[in-house]
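Numbering (my numbering), first residue to last: -7 to 329. Positions of the beta carbon are idealized from the N, C-alpha and C atoms, including for glycine. Values in this document were obtained by computation on a predicted structure and should not be read as measured data. Below is one structure, written out as structure tokens; comments come after it.
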């Protein structure tokens, strides 16, 4: 959507909250006010550089060509949840299952090599055979199915883009038989219904029979089903849906990489009040106020400000943050590539 154009009937907003995947679009549309000078003033005023406040995972999400595009507000990442009662029942019935790490030492210290997507899909098959229901479910909203696919490709070493060394042209990374073969594990998963379908099949058929040009998704009429809260086996989920259910445990994402995203706030380039807008931003990120804590479940983009679940733990024990997030006496590791 275009903003701040002369022919727009609505006034130009001073501030916009954007996901990190939207920042570059706004940057190239010349909608974003670069914040470097405001960060210099912040350092003069507080004696703290803005860079020193951020955790290392958030540092590069909001910068491009040494320019600060936004102020971070929210950290997003994925977790794997599983129904421990289902696991126990299937184990008692003779199925070969172990709790995903870190709830079982079976995986060893190098669990990134043992708890793989291939193993998770094998578990989805076992749970499906045991329960007669799909063993794996995606949180199918807000592009979470694409987050799953990106994470899977990263772990399998499949690039979305490859560069031809002779022509220097970028090409689709999937034009490689080795990569196609690696993705065949998805074919088996879907065809045998080991993963719960997130599409309305009737609407899919209507879409297939419609004329070109056709759009897959329609606003307020999406063909993706609403996510179900029921977890039969395993669920790829966001951190925001955490709840206190005795049967549902949280484990590590399979493979060697995990999704890290976030949300930041920009000042629009045509704002008439950029200085006042930055003063408001300073209030939002001030640790004296509850905004960042309330907005973030686990941890915020800032080193010294914990999220909701960690805030009380932070006061009790600064060394081990958020252990009860996993309901396990260990440290919660987020692995980013």
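The Cβ-Cβ distance between residue 130 and residue 136 falls below 8 Å. Around residue 104, the same chain offers 248 as residues with beta carbons nearer than 6 Å, after the five sequence neighbours per side are excluded. Under the three-state reduction of DSSP output, residue 252 falls in the strand class. Here residue 285 is actually not in contact with residue 277; their C-beta atoms are around 11 Å apart, not less than 8 Å. Counting along the chain, the unbroken beta strand (DSSP E) around residue 243 starts and ends at 240 to 243.
When the beta-carbon positions are compared, residue 63 and residue 256 come within less than 8 Å of each other. Using a Cβ distance threshold of 8 Å, residue 272 and residue 66 do not count as a contacting pair. Collapsing the DSSP output to three states places residue 54 in a helix. The Cβ atoms of residue 25 and residue 263 lie closer than 8 Å to each other. The straight-line gap separating the alpha-carbon atoms of residue 18 and residue 265 is approximately 19 Å. Residue 231 is a Cβ neighbour of residue 290, given a cutoff of 8 Å.
Counting along the chain, residue 145 sits inside the alpha helix (DSSP H) bounded by residues 136 to 148. Residue 39 is positioned such that its CB atom lies no closer than 8 Å to that of residue 128. Contact annotation, residue 10 with residue 116: C-beta distance approximately 34 Å; criterion of less than 8 Å not satisfied. If you draw a 10 Å sphere on the C-beta of residue 73, you find 16 or more other C-beta atoms in it, and that means buried.
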